[in-house]
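Peer 1:
Residue numbers (this note's numbering): -11 to 278.
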């Protein structure tokens, strides 16, 4: 009997301690839900309503939630209502959203308000928006400001904008600094820019030969860069893999290859040119463009 009472008392004690622990955990979780976390949760809710401006979205935008303003701007842009889209993007920009600043700048540029667009692009770059830095780099190039061009393109790449890496690689390539050029082309490739993969492949081919460059050319081809498909086809021809060669020839044509002279007269394609399938593919894709 005494033993049962002792077990019962221990059970009640354990239950009480678990309950108090559970209560503490809930309390701790609640204190962690600060303003930034709340914003993240709200943005998450919007993901499935991308092209629908709800009353809640508008209220959240007016209450200072920058991603809600951006969402509203995207919705208006999709409906080609650029006047209202600009207002929402400007609000997002005023709330320090880099993408909002870039989008506001893009609309102003389209409306030929170049000075205003430049101000928005500059702020977008300051807020770590790679596209904003890229646009500032192009404007600096136009103004022949080499130092600013280089700095903005470097920042664009640093903020993971693929074309910024590619253009920054071009600067080093033009200076004949091949290792550095390769590094930035490879970064562009990692960020899913096909021309970056192709350029990196060309640098590898010139040093180590076509075979070592093929993985980069294949990646370029997957990213719809027809040059990458073309060079992958050349290796397949070299290795007597006819089926693979035709596969990559078709991909090259599908992705925009229109160099008629090369396709008709280049000696490296002689073995394929004899086949009926070669003419069929050229007729299928190139006759559309004539």
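Just so you know, even glycine gets a beta-carbon here, dropped at the ideal spot from N, CA and C. Small disclaimer: the values here were computed from a predicted structure and weren't measured.
Enumerate in chain order the residues of its own chain whose CB-to-CB distance from residue 193 is below 6 Å, with the five nearest sequence positions on each side excluded.
Peer 2: Along the chain shown, one-based indexing puts residue 193 at 205. Taken in chain order, the residues that qualify are 201.
Peer 1: Whole angstroms are fine: how far does the CA of residue 189 sit from the CA of residue 268?
Peer 2: The residue you call residue 268 lines up with position 280 of the chain shown. The residue you call residue 189 lines up with position 201 of the chain shown. Computed Cα separation, rounded: 29 Å.
Peer 1: Should residue 119 go down as buried or exposed, given a rule of 16 or more other Cβ atoms within 10 Å for buried?
Peer 2: Along the chain shown, read from residue 1 onward, the residue named residue 119 stands at position 131. Looking at its Cβ environment, which holds 16 or more other Cβ atoms inside 10 Å, residue 119 is buried.
Peer 1: I'd like to know whether the C-beta atoms of residue 173 and residue 184 end up nearer to each other than 7 Å.
Peer 2: By 1-based counting over the chain shown, the position of residue 173 is 185. By 1-based counting over the chain shown, the position of residue 184 is 196. Cβ distance < 7 Å, so residue 173 and residue 184 count as in contact.
Peer 1: Given a threshold of 16 other Cβ atoms within 10 Å of its Cβ, counted over all protein chains shown, does residue 63 qualify as buried or as exposed?
Peer 2: On the chain shown, residue 63 is found 75 positions in, with the first residue counted as 1. Buried, by the Cβ-count rule.
Peer 1: Could you give the uninterrupted runs of the alpha helix (DSSP H) lying entirely in the region 94 to 178, keeping only those of 4 residues or more?
Peer 2: The qualifying runs are 102 to 114, 118 to 130, 134 to 146, 150 to 162 and 166 to 178.
Peer 1: Going by beta carbon distance, what residues of the same chain come within less than 7 Å of residue 212, once the five residues before and after it are set aside?
Peer 2: Start at 1 with the first residue of the chain shown, and residue 212 comes out as number 224. Within the same chain, residue 212 has close Cβ partners 182 and 243.
Peer 1: Between residue 74 and the rest of its own chain, which residues show a CB-CB distance below 8 Å, the 5 nearest in sequence each way excluded?
Peer 2: As a first step, residue 74 must be located in the chain shown, where it is residue number 86. Counting only Cβ-Cβ distances below 8 Å, and skipping sequence neighbours, we find 61, 92, 95 and 96.
Peer 1: Please look up how many angstroms separate the CB atoms of residue 58 and residue 88, rounded, as I've assumed it's under 8 Å.
Peer 2: Sequence index remark: in the chain shown, residue 58 carries index 70 (1-based). Sequence index remark: in the chain shown, residue 88 carries index 100 (1-based). The Cβ separation is near 5 Å, so the contact holds.
Peer 1: Would you tell me roughly how many angstroms separate the C-alpha atoms of residue 66 and residue 198, rounded to the nearest one?
Peer 2: Taking the chain shown and counting its residues from 1, one reaches residue 66 at position 78. Taking the chain shown and counting its residues from 1, one reaches residue 198 at position 210. Going from the Cα of residue 66 to the Cα of residue 198 covers about 44 Å.
Peer 1: With DSSP run on the structure shown, which of helix, strand or coil describes residue 46?
Peer 2: As a working note, residue 46 is residue 58 in the chain shown. Residue state, collapsed to three classes: helix.
Peer 1: Which residue from 168, 180, 234 and 108 puts its Cα closest to that of residue 261?
Peer 2: The residue given as residue 261 occupies position 273 in the chain shown. The candidate whose alpha carbon is nearest that of residue 261 is 234.
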